[in-house]
Every structure is written in structure tokens, then in C-alpha cells.
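Start counting the sequence shown at 10; every next residue gets the next number (the numbering used here).
First up is the structure itself, then whatever we jot down about it.
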Amino acid sequence: MPYRIDHVHLRSRDAVAASVFYVEKLGAREIRRDGSPVSRVVLDLGGLHLFIEQAPEDTASSAKAPHLGLEHIGFAVDDIEATFADLKAKNLDIASGINDVKPGLRTIFITGPDGVLIEFLKRDFAL
């Protein structure tokens, strides 16, 4: 049975505000809003569908790293230095600057809404 990615589902204390972050800061495209009031916003971010669900008030905050479960969302970039400059210019919460993980792999991490860790990476090799 073949599988393919369909979406990543996030929960947020403010789904609309979180979606605005992904649209304005990371270039996502809003596909739709569900519910009235809004219960979910669906975005397309580089071909990845993000479902951002409005969480009930009593929903616990994100776990502090390190923790089990989803660790981060990673996005490939063509130019890591230009990406870092762009993220800084947008005054985003940069969790780490450019990291040289190993030859041919450089990464940057930011913290998005609701504590979501987001990675930008440049690979010089195929997986």
C-alpha cells in the first residue's frame, strides 16, 4: 500500500493569527477557513498542507524540547545565507543561527506560533 503526505495538523490558541504568521512571514497561501467562528484554517506552504485548528481554551501548551512526538517541520531552501537574512529581516524568533550539521547540510531553526519549531535546510546531497 503506497502512502504519501497529505497534511500536518497543528493546534493553536488563535488559528487565524497563526495562519497570518505562515502567510505573511513564510509565504503560505490560504486555501480556506472552516466554521463560524473559524475552527480551522487550511494553508499551502511550499506544497505542504497545514491544518491549523482552533484549540479549546483548556488545551495544554506545547511540550518543551526535547520531547516525544513531532519534533519540527523542515523546509528545503536553495540559499541558506539569504534565508537567514530574510528571517532576521522579518524579526522572527530565531532559535538557532546557521548550523553546519555535517558536510553538505546546513540548517536554521525558528520558533513559530504556539511553540512550533520550524527548520530551514540546505542539502548538497540527495537523501
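We put the CB at the ideal spot given by N, CA and C, even for glycine.
Keep in mind it's a predicted model, so treat the numbers as computed, not measured.
Closest Cα partner of residue i within the set the options
i: H16; options: I40, K131, R22; result: I40
i: E128; options: R13, V110, F134; result: V110
i: G83; options: A24, R42, G121; result: G121
i: G56; options: A64, G36, P65, G44; result: G36
i: D88; options: A64, P75, I107, A74; result: I107
i: L136; options: P11, A85, E90; result: A85
Opposing strand residues paired with residue i [DSSP bridges]
i: L79; result: Looking at the DSSP assignment, L79 forms no beta bridge with any residue, so it has no partner.
i: V51; result: R41, F60
i: R115; result: D109, K131
i: A85; result: L130
i: I103; result: I119
Cβ pair residue i, residue j closer than 8 Å
i: G124; j: S48; result: no
i: S105; j: F118; result: yes
i: R38; j: D53; result: yes
i: V50; j: V25; result: yes
i: L126; j: H81; result: yes
i: E62; j: R13; result: no
Continuous alpha helix (DSSP H) stretch holding residue i: start and end
i: D95; result: 89-98
i: F30; result: 24-35
Cβ shell of residue i (< 8 Å), same chain only, five flanking positions each side left out
i: K99; result: K34
i: L96; result: I103, I117, I119, F129
i: G78; result: A72
i: A27; result: L19, S21, V50, I61, G121, P122, D123
i: E143; result: With the chain covering only 10 through 136, there is no way to say anything about residue 143.
Terminal residues of the beta strand (DSSP E) in which residue i lies
i: S21; result: 17-21
Beta-carbon contacts of residue i that lie in its chain and below 6 Å, excluding the five residues immediately before and after
i: R42; result: V50
Close beta carbons around residue i, own chain, < 7 Å, minus the five adjacent residues each side
i: F30; result: G121, P122
i: A64; result: R20, S21, R22
Residue-chain proximity (residue i, chain D), Cβ-Cβ < 8 Å
i: H16; result: The structure shown has no chain D; it contains just one protein chain.
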